[in-house]
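Counting with full-length UniProt numbering, you get residues 1 to 234 for the letters of the sequence shown.
For every residue, glycine included, the Cβ atom is placed at its ideal position computed from N, Cα and C.
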Amino acid sequence: MSTEPSPTTGRARGGTAAARRRLREAEIISATRRLFDERGVRDAQIEDIARAVGINRAIIYRHFTGKEELFSLTLVQYLDELRVALSEAARTTDEPALQLERLVEAFVDYGLAHPAFVDCAQSIMRRPGDNLLEEVSESAMYRLGQAISGCLSVLTHTIESGVEKGEFHVEDPGLLANMLYASGLGTLQLGRVAMLVSEEAPGVPRISRITGEQVRDHMVTSALAVAGGVPTRR
Numbered sequence: 001m002s003t004e005p006s007p008t009t010g011r012a013r014g015g016t017a018a019a020r021r022r023l024r025e026a027e028i029i030s031a032t033r034r035l036f037d038e039r040g041v042r043d044a045q046i047e048d049i050a051r052a053v054g055i056n057r058a059i060i061y062r063h064f065t066g067k068e069e070l071f072s073l074t075l076v077q078y079l080d081e082l083r084v085a086l087s088e089a090a091r092t093t094d095e096p097a098l099q100l101e102r103l104v105e106a107f108v109d110y111g112l113a114h115p116a117f118v119d120c121a122q123s124i125m126r127r128p129g130d131n132l133l134e135e136v137s138e139s140a141m142y143r144l145g146q147a148i149s150g151c152l153s154v155l156t157h158t159i160e161s162g163v164e165k166g167e168f169h170v171e172d173p174g175l176l177a178n179m180l181y182a183s184g185l186g187t188l189q190l191g192r193v194a195m196l197v198s199e200e201a202p203g204v205p206r207i208s209r210i211t212g213e214q215v216r217d218h219m220v221t222s223a224l225a226v227a228g229g230v231p232t233r234r
């Protein structure tokens with residue numbers, strides 16, 4: 001009687017191993033997300049993540065090419081949540097200008113509530129795509145691209161709708177969506193720091209505070225102005 005495993009048994013074992021690998025990866029990403037939210041992106045170290053999961057740091061490098069890939073896939077979690085928030089905001093109205101306003105408000109609210117998202121997104125955007133590909137696998141880059149495009153598609157659809165109805169005047173809605181996303185991250189960082197620098201007198205700097213409401217109002221007004229819409233009054 002043959003003792004060799006059947007092809008079916010081999011596939012079952014392979015499937016079990018793959019499932020365990022996916023489970024471990026999800027566990028590591030979730031631990032990274034918790035550390036991001038508790039301490040911030042800069043203070044989250046591989047050793048801390050491994051300790052939180054209860055594994056040796058070497059195991060993390062068996063699942064991810066390095067820190068950049070792990071951080072990229074953690075960003076995917078934030079982006080998936082953001083896409084849901086944007087989709088829900090878009091469903092509240094069919095009027096393009098008001099829809100754009102509510103999308104920006106949802107983006108600001110999410111960013112202010114999750115400062116680690118802003119830090120993580122900016123840290124990934126720091127380097128050109130070619131350089132990032134040297135440190136992140138193609139599959140991770142694909143997942144990150146899907147997550148970003150999922151958010152941008154909601155915004156792009158709103159801009160395209162406004163163009164079709166003659167409310168917006170935008171030559172490339174996709175480009176504008178990307179620009180709003182990138183500039184929005186920078187403005188959210190200003191909101192997180194909550195400090196404005198101005199000149200009180202020649203050579204004398206002045207520090208003042210900025211509120212989340214000011215950040216929100218600025219981003220809404222800017223988005224509508226660039227798209228060619230007019231801020232709504234509610």
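Buried or exposed by the 16-neighbour rule on C-beta atoms within 10 Å, applied to residue i
i	result
G162	buried
I148	buried
G54	exposed
I207	exposed
G145	exposed
A223	buried
Own chain, CB closer than 8 Å to residue i, minus 5 neighbours either side, in chain order
i	result
T65	E135, V136, S137 and A140
V41	F71, A116, D119, C120 and S123
Contacts around residue i, its chain only, beta-carbon distance under 6 Å, and the 5 residues preceding and following it disregarded
i	result
E68	E135 and V136
A85	A106 and Y110
Nearest-angstrom Cα separation, counted from residue j out to residue i
i	j	result
T211	R20	45 Å
R126	G166	36 Å
I28	I60	7 Å
L82	R51	28 Å
L100	A90	8 Å
T93	L176	21 Å
N178	L155	9 Å
R24	S30	10 Å
L103	A225	15 Å
G174	P202	42 Å
L73	L180	22 Å
A18	T32	21 Å
R192	H114	10 Å
Q189	Q77	19 Å
M1	R62	Note that M1 scores a pLDDT of 47, beneath 50, so its modelled location is shaky; the value from the coordinates is reported in the next line. Rounded to the nearest angstrom, the two C-alpha atoms are 38 Å apart.
Y142	L79	14 Å
E164	H157	10 Å
Cross-strand partners of residue i (DSSP beta bridge)
i	result
P202	DSSP, once it has assigned bridges, lists no residue as partnering P202.
Neighbourhood of residue i by C-beta, 7 Å cutoff - its chain only, sequence neighbours within 5 removed
i	result
I46	R57, I60 and K67
residue 237	Because the chain in this structure spans residues 1 to 234, residue 237 falls outside the shown range and cannot be described.
T187	V215, H218 and M219
R234	Confidence at R234 is low in this model, with a pLDDT of 49, below 50, so the placement of that residue is unreliable and no value is reported for it.
A121	L75 and L185
Legend entry - Segment contact flag, the region 99-111 with the region 33-40, C-beta cutoff 8 Å, min 3 pairs: The way I'd put it, the region 99-111 doesn't touch the region 33-40; fewer than three beta-carbon pairs between them come closer than 8 Å.
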